[in-house]
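Trainee: Going by our numbering, the sequence shown opens with residue 2, and the numbers climb by one from there.
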Amino acid sequence: MNAPARRMDAVRNRTRIVEAARAALAESSDVRLNEIAKRAGVGQGTLYRNFPNREALLAEVYRRDVDDLVTAASALLAEHEPVEALRHWLDRVIDYAEIKRGVLAALEPVAWQDLVAHSHNPIEGALAHLLDAGKAAGSLRTDVDAHGVLLLIACLGRLDRDAWEPTARPLMNVILDGLRRQNANR
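(1) Do you know whose CA, among G126, K101, A137, lies nearest R64's CA?
(2) With N1 as the anchor, note down where its alpha helix (DSSP H) starts and where it stops.
(3) Against chain D, with Cβ distances strictly below 7 Å, would G149 count as a contact?
(4) Across the stretch 42-60 and the stretch 80-93, are there enough close Cβ pairs to call them in contact, namely three or more that are closer than 8 Å?
(5) Whose C-beta lies closer than 7 Å to the C-beta of H148 among residues of the same chain, with five residues either side of it excluded?
(6) Can the beta-carbon of E56 be found less than 7 Å from the beta-carbon of L116?
(7) Using the beta-carbon count (16 or more within 10 Å), is H119 buried or exposed?
(8) Using C-beta distances below 7 Å, list every residue in its chain close to L77, excluding the 5 sequence neighbours before and after it, in chain order.
(9) Taking the C-alpha atoms as reference points, what is the distance between R159 and M9?
(10) Would you decide whether R170 is buried or exposed? Buried here means 16 or more other CB atoms lie within 10 Å of its CB.
(11) Let me confirm a value: S140 is counted as buried when at least 16 other C-beta atoms fall within 10 Å, else exposed. Which label applies?
(12) Leaving out five residues before and five after I176 in sequence, what residues of the same chain have Cβ atoms less than 6 Å from its Cβ?
(13) Can you check the stretch 56-117 for any alpha helix (DSSP H) of at least 4 residues that lies completely inside it and give the ranges in chain order?
(14) Less than 7 Å between the beta carbons of A41 and R17, yes or no?
(15) Ignore the nearest five residues each way along the sequence and tell me which others in R50's own chain have a CB closer than 6 Å to its CB.
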């Protein structure tokens with residue numbers, strides 16, 4: 002038997018709650034459910050009907066960011082040349098990583114390890130798709146793979162919160178420049 006369809010207002014409330022939680026995480030890993038309910042414009046009961054606890058809400062924020070990041074790869078390739086699509090995707094990775102940091106800091110290790118384990122392959126697959134397109138176009142190096150690039154990106158996670166904004170994007174540009182073929186147009 003299929004689950005009953007959710008009312009449109011319930012879907013909107015759930016979306017607003019997740020968006021409010023994401024915005025709160027961008028500011029601090031110390032997020033309070035009553036603050037999120039207030040930001041979302043819903044009552045405590047609505048928040049708890051959708052998310053029985055803080056961990057469930059933060060996990061949903063994380064999963065949605067992963068889904069958006071993975072989906073963006075093909076959409077960006079449809080709109081841009083491979084290097085430019087990769088640049089836009091890496092910008093999204095910066096935003097995703099900032100929220101990921103907040104989620105991981107707010108969750109117990111067992112919970113976040115499970116989330117990270119389930120997101121790694123889809124993210125690596127999306128990056129491989131972008132890299133393969135760039136390799137086929139002759140604009141990206143052929144001697145690197147998605148796993149290696151993710152290792153480089155993971156080093157950004159060592160940045161302090163205060164250093165994130167001024168440092169993450171310039172370092173991601175260094176990674177992108179290193180991925181370009183030497184004879185490819187910049």
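Glycine is no exception: its CB is placed at the ideal position from the N, C-alpha and C atoms.
Mentor: In brief:
(1) K101
(2) In the structure displayed, the chain extends from 2 to 187; residue 1 sits before or after that span and is not available.
(3) Given the protein chain composition of this structure (a single chain), no chain D is represented.
(4) no
(5) E125
(6) no
(7) exposed
(8) A86, H89, W90
(9) 41 Å
(10) exposed
(11) buried
(12) L153
(13) Assignment of alpha helix (DSSP H) within the stretch 56-117, counting only whole runs of 4 or more residues, yields 83-107 in chain order.
(14) yes
(15) There are no such residues.
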